[in-house]
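Protein chains: 2
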Amino acid sequence: MTLSLHKLDLRDGVVDLSHGAGSRATAQLIAELFFRHLGNPYLGRGDDGAVLPLPGFDPTRGRIVVATDAHVVTPLFFAGGDIGSLSVHGTINDVAVMGAQPLYLTASFILEEGFPLADLDRIVASMGKAAREAGVPVVAGDTKVVERGKGDGVYIATTGVGILPTGVELGGARARPGDALLVSGTLGDHGVAILSQRENLSFSAPIVSDSAALHTLVAQVLATGADIRCLRDPTRGGLAGTLHEIAQQSNVGITLRESALPIHPVVAGACELLGIDPLYIANEGKLVVVCAAQDAARVLAALRAHPLGSNAALIGIVVDDPHRFVQVDTAMGGRRIVDWLSADQLPRIC
Amino acid sequence: MTLSLHKLDLRDGVVDLSHGAGSRATAQLIAELFFRHLGNPYLGRGDDGAVLPLPGFDPTRGRIVVATDAHVVTPLFFAGGDIGSLSVHGTINDVAVMGAQPLYLTASFILEEGFPLADLDRIVASMGKAAREAGVPVVAGDTKVVERGKGDGVYIATTGVGILPTGVELGGARARPGDALLVSGTLGDHGVAILSQRENLSFSAPIVSDSAALHTLVAQVLATGADIRCLRDPTRGGLAGTLHEIAQQSNVGITLRESALPIHPVVAGACELLGIDPLYIANEGKLVVVCAAQDAARVLAALRAHPLGSNAALIGIVVDDPHRFVQVDTAMGGRRIVDWLSADQLPRIC
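Respectively, the protein sequence lines represent chains R and U.
This note's numbering applies: residue 696 is where the first sequence begins, and numbers increase by one.
This note's numbering applies: residue 696 is where the second sequence begins, and numbers increase by one.
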């Protein structure tokens, strides 16, 4: 990964909020610190989960996929969900976008002393409901408690395990110039729901997080038999962050059509008011698809045929670009570069 | 599980430190809150990890095991390890005591804003070293950052995946009256190392955490072909907590021989000074074995033949007891009941 930032200052530097924001700083911390010490062929791929062989099992039948996520969202309860349902959806989605069928989840809780048991009960109930609805049970867990002032109510780390059938080969490094880029629905709903709740803003219509489990949508897309290069869920860092990762991994550029980007008018208005760009805002129930151009129409049809994909759109194309720029063709006929944020926009969005 | 405490107060109650201490309160929180919402046949077993079928794979060849742990130990660096190595060892051990071969780990980090990158570098380096030495790579990860005062440097949640070969059937519910109880070495080293560091105590000899990966020791025990009922690593809540769990799950009593309990003299002295009982103190590299009485000698020999088991001992027997008491035959010829702690003794020990 090429990064134009200065190297991490491992002598005098400190962790700051940008390191957790899915920004360029996050990528740098991962590359220069985590990969350096933990690096191995599975971790190094830079996808949402790892694809792993299972010794003793027939490799022609499939491999397992594991993905993990810590959830530190604030507030804990928000329009459209809470940290419990989010921690189920987020990790199911990381497994699903690898092309795998999610089977099992684990959950580790870090509770702060003094946290109301009634709130914990509500969160775990929501987690159970989300897991049952998705058909992916929480099979193992752990609970730790930290002193008052050493946490923030509850943090939940979830890990997902799934099976990747042989023949499904997806990855951020597989995008090719000419490929089509699609998204399953409106952008920015989750992040703007969180932010407007934090800022106590109200709008003409309620803004609700899109938090949802995407595995059945993914299955529907894969069932088309289309040549899918890569699937992603654009969470932290938003669509822009996700596309920058793909551009880096595949050594390509990406050009978006501004007029094609599905953005809920209320979300667009809130973004204007808040001075933020919906391209950078986290989604928790949206699927980004890169596929061969000739398959774009049937992928779009498959997305739209699913309840979670009714606002799906073809939003851009992959282009040959040694600079790996992500650009937008504006409605006015111009073109602007979508930078990869180096700083934090929305901490603790998930 | 029979609990004599009052029911959890889900209306006005709050989380307290005892809920995370591996005590009776922890078991109550799990039973009355987590299991109620998340319950399923895999989670409900109450073992250290879950044993899971893999659809599409031949069930006669094996199943997968997953286990998860959040690590919140303080201090982050201690004699014999740090939160990085501990988070690798702890989860490998949870997989190993199910009788499974640990294959892969995932790690989710929750970092506090302002945490020195130099410390993070040291912790992740230690994690990488522990993973390489154990032969179990960290294959997926996640990093979140929380604001200053909402964390405590770094928390690490790890999840382990392993393969349980067909034919290995272990579980806390399989202990039978007459079975032998063994432990692989001295008790309380980890907890006393942590506590003496917190209290800034020094002793005649340094007290060092026993943090270690137990999977090769487990493999050696299983290779004996002995009739092993159950393996455990007595972490939070110590040996006493582990034995109470087994007694509950198997509906038996357990009688220990005090004179047989391996306790390092310096640890025994520290416990006296600190007013704590080594039976309740966390270990992070010790194996508890329940096996058929006639196999005790060869299990003991196998334990002692491994570098991590040189101080292994036969410490007690499983007895028929409807009260499920854990008792100690004292050196003086008496007998005392080892209660299951309802309150917290050592918060954030792991």
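In this text, a Cβ means the ideal position worked out from N, Cα and C, and glycines have one as well.
query: Please confirm whether E808/U has its beta-carbon closer than 7 Å to some beta-carbon of chain R.; result: yes
query: Within the continuous alpha helix (DSSP H) that includes K824/U, where are the two ends?; result: L812 to A829
query: In the structure shown, what three-state DSSP assignment does R731/R receive?; result: helix
query: So H1046/U is in the alpha helix (DSSP H); what residue range does that whole segment cover?; result: Nothing can be reported for residue 1046/U, as the shown portion of chain U is limited to 696 through 1045.
query: Quick one: list the residues of chain U neighbouring R756/R, beta-carbon separation under 7 Å, in chain order.; result: G751 and F752
query: Which one or two residues does DSSP pair with V856/U in a beta bridge?; result: V761/U and Y799/U
query: Tell me, which residues are paired with D777/U by DSSP?; result: F772/U
query: Beta-carbon of T911/U versus every beta-carbon of chain R: anything under 7 Å?; result: no
query: Under a three-way DSSP split, which group does C925/R fall into?; result: strand
query: Which same chain residues, not among the five before or five after L995/R, have their C-beta less than 8 Å away from its C-beta?; result: L877, A1007, A1008 and L1009
query: Would F1020/R pass as an interface residue toward chain U - the criterion being a Cβ-Cβ separation below 7 Å?; result: no
query: Report the rounded CA-to-CA distance for T937/R versus L890/R, giving the unit in angstroms.; result: 20 Å
query: With distances taken between CB atoms, is the gap from L882/U to L926/U smaller than 7 Å?; result: no
query: Relative to the C-alpha of A826/U, which residue among I787/U, P770/U, I858/U and L812/U is closest?; result: I787/U
query: Under 7 Å, Cβ to Cβ, is there at least one residue of chain U near D1024/R?; result: no
query: Of all the CB atoms in chain R, is at least one closer than 7 Å to the CB of K845/U?; result: yes
query: Which residue's Cα is closest to the Cα of G794/U: A921/U, L771/U and L815/U?; result: A921/U
query: With DSSP as the reference, label Y975/U as helix, strand or coil.; result: helix
query: Just by C-beta distance, which residues in the segment 936-965 of chain U are closer than 9 Å to chain R?; result: none
query: From G708/U to A813/R, what does the alpha carbon distance come to, in whole angstroms?; result: 7 Å
query: In this structure, how does DSSP classify L1041/R when only helix, strand and coil are distinguished?; result: coil
query: From R817/U, S803/U, I1032/U and P1017/U, pick the residue whose C-alpha is nearest to that of V947/U; which is it?; result: P1017/U
query: I'd like the span of the alpha helix (DSSP H) that includes G964/R, first residue to last.; result: P960 to L969
query: Comparing alpha-carbon positions, which option in A774/R, G779/R and Q796/R lies nearest A914/R?; result: Q796/R
query: Would you check if the segment 833-852 of chain R and the segment 799-819 of chain R touch, i.e. whether three or more CB-CB distances between them fall below 8 Å?; result: yes
query: To the nearest whole angstrom, what separates the beta carbons of R1043/R and V760/R, a pair I think is in contact under 8 Å?; result: Between V760/R and R1043/R the Cβ distance is about 27 Å, and since that is not below 8 Å, they are no contact.
query: For my contact list, D1024/R and R931/R are in at a C-beta cut-off of 8 Å; report their separation, rounded to the angstrom.; result: About 26 Å; that fails the 8 Å criterion.
query: Secondary structure at V1033/U, three-state DSSP: helix, strand or coil?; result: coil
query: Which value, in whole angstroms, describes the spacing of the CA atoms of V962/U and D884/U?; result: 7 Å
query: Nearest by alpha-carbon distance to P960/R: which of G846/R, V903/R and A716/R is it?; result: V903/R
query: Can you tell me whether Q944/R is buried or exposed? The criterion is at least 16 other CB atoms within 10 Å of its CB, across all chains shown.; result: buried
query: Sorted by chain position, which residues of the same chain lie with C-beta nearer than 6 Å to S699/U's C-beta, five sequence neighbours on each side aside?; result: Note that S699/U scores 49 on pLDDT, short of 50, meaning its location in the model is unreliable and no value can be drawn from it.
query: How would you call I941/R, buried or exposed, if buried means at least 16 neighbouring beta carbons within 10 angstroms?; result: buried
query: Go ahead and pull the three-state DSSP assignment for R893/U.; result: helix
query: Spatial neighbours of G757/R within its chain, please: C-beta separation below 8 Å, excluding the five flanking residues on both sides.; result: I858, L859, P860 and T861
query: Ignore the nearest five residues each way along the sequence and tell me which others in H939/U's own chain have a CB closer than 6 Å to its CB.; result: V1021 and W1035
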